[in-house]
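Chemist: In this note's numbering, the protein residues as written are 1325 to 1547. To start, I am sharing the structure in question, which I have written as structure tokens.
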């Protein structure tokens, strides 16, 4: 069985082949069995073995094959080129069809479009009702100058917060050296209210103003 597989593989390639054992291993034929089959086929003159140092090449036996005339060889070469061109054309056609299939899969169906339109319509209605409530309920509109002032105040307060944190940390690192116990327990014993103890989020506060600043950059009119 292994001999038939080896012979079929080598003849199908019709060229020097040194990976027969590895190829057959992927098809369930053990390497030892493949090597034995190769040597048996060489002994039967069905294969020719060429050795180059440690490298062994196996070639289909050409014994008994009629030699082609130059005209026949040229005709076969032309036929081969023709078939190769046809294969390339088929590959290009398959690639084009795959692109069309991928594009078709990315397009929403009519039902999906209707569902999406319904969702967007509901969102638009909800936002419109919210805007109407803000405009008609006596809500005070905030001017751009007031927004900038509030953001500036927020930034100043946050900078002061950061400065006080650094000052406290510098003092605490000096006085707490050698003290035993966890920092949180020491804070509680000494009556120190840390950010965590009062639920203050320093990083969250700093990030609060970032989207507003970025939005002003994006929406700023071009000069």
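By construction, the Cβ of each residue, glycine as well, lies at the ideal position given by its N, Cα and C atoms.
1. Rounding to the nearest angstrom, what Cα-Cα distance links residue 1367 and residue 1380 in this structure?
2. Do residue 1351 and residue 1329 have their beta-carbon atoms positioned less than 8 Å apart in this structure?
3. Near residue 1504, what residues of its chain come up, given a Cβ to Cβ distance below 6 Å and the 5 sequence neighbours on each side ignored?
4. Pull up the distance between the alpha-carbon of residue 1411 and that of residue 1377, whole angstroms please.
5. Please report how far the alpha carbon of residue 1427 lies from the alpha carbon of residue 1440, in whole angstroms.
6. What residue does the alpha helix (DSSP H) around residue 1464 start on, and which one ends it?
7. What does the alpha-carbon distance come out to for the pair residue 1336 and residue 1385?
8. Tell me residue 1394's beta-bridge partners as DSSP assigns them.
9. Taking C-alpha atoms, which residue in 1348, 1479, 1452, 1355 lies nearest to residue 1532?
10. Since residue 1449 is in the beta strand (DSSP E), which residue starts that stretch and which ends it?
11. Evaluate contact between the segment 1474-1489 and the segment 1516-1529, counting only Cβ atoms and requiring at least three cross-stretch pairs below 8 Å.
Modeler: In this structure, then:
1. Along the chain shown, read from residue 1 onward, the residue named residue 1367 stands at position 43. Along the chain shown, read from residue 1 onward, the residue named residue 1380 stands at position 56. Those two C-alpha atoms are separated by around 15 Å.
2. What you label residue 1329 is simply residue 5 of the chain shown in a count that begins at 1. What you label residue 1351 is simply residue 27 of the chain shown in a count that begins at 1. Yes; because the gap between Cβ atoms is below 8 Å, this pair is in contact.
3. As a first step, residue 1504 is located in the chain shown; it is residue number 180 there, counting from the start. Cβ within range, chain order: n/a, list empty.
4. Within the chain shown, numbered from 1, the residue matching residue 1411 stands at position 87. Within the chain shown, numbered from 1, the residue matching residue 1377 stands at position 53. Each residue's Cα considered, the two are about 38 Å apart.
5. Against the chain shown, residue 1427 aligns to sequence position 103. Against the chain shown, residue 1440 aligns to sequence position 116. Residue 1427 and residue 1440: Cα-Cα distance of roughly 19 Å.
6. Your numbering for residue 1464 matches position 140 in the chain shown. Note, residue 1464: premise wrong, no alpha helix (DSSP H); not H, not E.
7. If you number the chain shown from 1, residue 1336 lands on position 12. If you number the chain shown from 1, residue 1385 lands on position 61. Between residue 1336 and residue 1385, the C-alpha separation is close to 12 Å.
8. On the chain shown, residue 1394 is found 70 positions in, with the first residue counted as 1. Partner(s): none; residue 1394 has no beta bridge.
9. Position 208 of the chain shown, counted from the first residue, corresponds to residue 1532. Residue 1532 has its Cα closest to that of 1479, out of 1348, 1479, 1452, 1355.
10. As a first step, residue 1449 is located in the chain shown; it is residue number 125 there, counting from the start. Element bounds for residue 1449: not the beta strand (DSSP E) but the alpha helix (DSSP H), 1434-1460.
11. yes
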